[in-house]
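Report on the structure given below.
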Amino acid sequence: MRLSRYFLPVLKETPAEAQIASHRLMLRAGMIKQASAGIYSWLPLGFKVLKKIEQIVHEEQQRAGHIPMLMPTLQSAELWRESGRYDAYGPEMLRIRDRHDRDMLYGPTNEEMITDIFRSHVTSYKDLPLTLYHIQWKFRDEVRPRFGVMRGREFYMKDGYNFDLTKEDALHAYNRHLVSYLRSYERMGLQAIPMRADGGPIGGDYTHEFLVLAETGESEVFYDSEITDLRFGDREIDYDSVEQCQAVLEEFTSRYARTDETHDEAVFAEVPEERRRTARGIEVGQIFYFGTKYSEAMGAVVSTAEGERVPVHMGSHGIGVSRLLGAIIEASHDENGIIWPEGVTPFHCGIVNLRQGDSDCDAACERLEQALIAKGLDPLYDDREERAGAKFATMDLIGLPWRITVGPRGLKTGVVELTNRRTGESEEMSLEAAIDRIG
Ligand code: ATP
Ligand code: MG
Ligand code: MG
Ligand code: MG
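Numbering of the sequence shown is given in UniProt numbering, commencing with residue 1 and proceeding in unit increments.
Shown next, in the form of structure tokens:
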């Protein structure tokens, strides 16, 4: 992409309304524009990162055997009356009436709708296990939308639902989700720690939230510092193996890690004092086994091998896809701008032409651009007639992992400069060597 032809409306001023770094940087880097409170347009750069994150989520869900689909944003109130949540949900639900006076709502989540789909088509244990998911916009009329996309009213979420014959099977689905979430966040360059969460009115031990440690996080968290040494890494996992998935769950949840909702001072006191940590975190996902709550209320039953009709065991599992942009930036930025992890960066590399219009510089930049594209990479070539300082500031702000700087002086001896955004280190090398280093 040529920057002169792109749409990257960067802001020079720091927007006054933004209280935290990620919100400030997303506005300054021209990634989003507020449409109304908690509702954003995704400008090209922001949209590109959103799609990268979404793609990782899709790949990891499908690797775990979960099946993608798509449900609408608008739902009928009828289903929610059946589950009893139409009244229980409260003012966070945006209620809409259509021209025929039918009660509708903009979905805050999809348990009811998926349960309705399930009960309409599945009647036998032979069709289980089944996990369906979608990535779709949600609306929650948050009291205090803030921090940009972190707490929006309209936000993009992956929500998946498992249907199983027994509690044991449903807990295997729970564990599969835990593993697939660990993999997803790591691919985004994030450490998200599973912490025991509050089961709410349904209760039970089977819910974990995934938290990214950050000073600006809205949750207070308490944990054993050993947990931050754990990495899923590139180990192989067989998602069909109950033992393997269970072992990962045990490894990642056996140490103390809880949010303020479930924190227990007495249990925390058993952690050696030097390993006890109190911090703040951003919730980027949650997994939940809730048994037969919806299947009983809504009649989602299957017949067993013995011909008995039983309600299915379910769970729901969410990832905050749009919130993740904020969380990644909170975890990875400096005073000059964003520092994208390789896995989600909108472009792999920036090319800065220090003398636009100079035929040697232009030719070298174009060669670089073509060679990177040929390698399957996506470079952003700053071909604007701008001062070097302004070009560098833009590249630092938008946070691409690599920058190649091309200038007349270097070209005389056949070199360009390769700069790493994270370390700030620069090195001179031939065009070919720079191309080799990236990707
Ligand atoms: P929170 O505690 O932050 O209000 P939640 O527990 O209500 O979130 P869930 O119902 O667990 O949210 O939804 C799954 C995921 O969707 C959350 O883990 C979070 O990452 C994301 N999410 C929830 N609410 C919002 C929001 N208002 N804006 C952006 N992302 C959100
Ligand atoms: Mg909430
Ligand atoms: Mg929460
Ligand atoms: Mg939650």
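From the three backbone atoms N, C-alpha and C, an ideal C-beta is built for every residue, glycine too.
Just reading off the alpha helix (DSSP H) that residue i is part of, what are its end residues?
i: R367; result: 359-374
i: E298; result: The amino acid at residue 298 is misidentified as Glu; the sequence shows Met. Per DSSP, M298 belongs to the alpha helix (DSSP H) from 293-298.
i: I56; result: 44-63
i: K412; result: 408-412
i: K158; result: From DSSP, K158 is part of no alpha helix (DSSP H) but of the beta strand (DSSP E) over 154-164.
i: T394; result: 388-398
i: I435; result: 431-437
i: Y181; result: 167-187
i: Y86; result: 85-88
i: L249; result: 242-253
i: L324; result: 321-331
For residue i, does the count of other Cβ atoms within 10 angstroms reach 16, so buried, or fall short, so exposed?
i: R140; result: buried
i: L249; result: buried
i: V212; result: buried
i: residue 448; result: Missing from the structure shown is residue 448; the chain here goes from 1 to 439 and no further.
i: L25; result: buried
i: A21; result: buried
i: S180; result: buried
i: T413; result: exposed
i: E209; result: buried
i: G200; result: exposed
i: K391; result: buried
i: S316; result: buried
i: V267; result: exposed
i: G376; result: exposed
i: G350; result: buried
i: T14; result: exposed
Closest to residue i by CA distance: which of the options is it?
i: M298; options: L79, K52, G318, I56; result: L79
i: G307; options: I67, S124, M93, F288; result: S124
i: A327; options: G315, M104, W340, P91; result: W340
i: S332; options: T131, R422, R85, K12; result: R422
i: Q356; options: P68, A388, A371, A197; result: A388
i: I435; options: R151, Q370, N175, V344; result: Q370
i: A37; options: E154, P379, Y89, H317; result: E154
i: R146; options: Q34, P194, A269, A363; result: Q34
i: G90; options: R183, L43, K48, E142; result: E142
i: V352; options: R384, E54, V310, E425; result: R384
i: D240; options: R176, I67, R102, A16; result: R176
i: P408; options: C365, G84, S83, G376; result: C365
i: F7; options: L380, D358, E218, E251; result: L380
i: R5; options: A247, D382, Y40, M69; result: D382
i: E215; options: T345, M195, G281; result: G281
i: C361; options: Y86, V122, T405, E112; result: T405
i: L74; options: R97, Y86, R63, M104; result: M104
i: A18; options: F392, G148, I117; result: G148
i: Y156; options: N162, L354, A433, W137; result: W137
i: A363; options: I319, L431, R403, G350; result: L431
i: G439; options: P401, V415, G424; result: P401
i: V321; options: V344, I53, M395, E251; result: I53
i: Y289; options: I67, L178, R403; result: L178
Using a Cβ-Cβ cutoff of less than 7 angstroms, which residues in the same chain neighbour residue i once the five nearest sequence positions on both sides are dropped?
i: R437; result: L418
i: T115; result: Y294, S295, M298, A300
i: N110; result: M71, D159
i: A305; result: Y125
i: G164; result: It should be noted that the sequence gives Asp, not Gly, for residue 164. Excluding positions up to five away in sequence, the list reads L128, P129, A170, A173, V312, H313.
i: D378; result: F347, H348
i: D229; result: none
i: W42; result: I32, L50
i: T262; result: R196, A197, D198
i: D358; result: P408
i: Y40; result: I32, K33, Q34, V149, G152
i: F232; result: L182, R183, E186
Grab me the residues of residue i's own chain with a C-beta within less than 8 angstroms of its C-beta, minus the 5 sequence neighbours each way, in chain order.
i: L190; result: V212, V284, L324, A327, I328, A331, P341
i: Q397; result: In the sequence on display, residue 397 carries Leu and not Gln. Excluding residues within five positions, the ones whose Cβ falls inside 8 angstroms are V10, L25, R28, A29, N336, G337, I338.
i: D264; result: R258
Within the continuous beta strand (DSSP E) that includes residue i, where are the two ends?
i: T259; result: 257-259
i: D382; result: 379-382
i: F232; result: Counting along the chain, F232 falls outside any beta strand (DSSP E), and DSSP gives it neither H nor E.
i: V212; result: 207-213
i: D141; result: Run containing D141: none; DSSP gives neither H nor E here.
i: L94; result: 94-97
i: M150; result: Neither: M150 is in no beta strand (DSSP E) and is coded neither H nor E.
Does ligand 5 have a heavy atom nearer than 8 angstroms to the CB of residue i?
i: G199; result: Absence of ligand 5 from the depicted structure is noted, with ligand 1, ligand 2, ligand 3 and ligand 4 being the only ligands included.
Please work out which residues of its chain come closer than 6 angstroms, Cβ to Cβ, to residue i, disregarding the five sequence neighbours upstream and downstream, and give them in chain order.
i: R277; result: Y223, S225
i: V242; result: H172
i: P44; result: F7
i: S426; result: E417, T419
i: R309; result: V301, S303
i: A192; result: Y185, F210, V212, V284
- Would you list the residues whose beta-carbon is nearer than 6 angstroms to any heavy atom of ligand 4, in the order they occur in the chain? The answer, residue by residue, is E209, E283, Q286.
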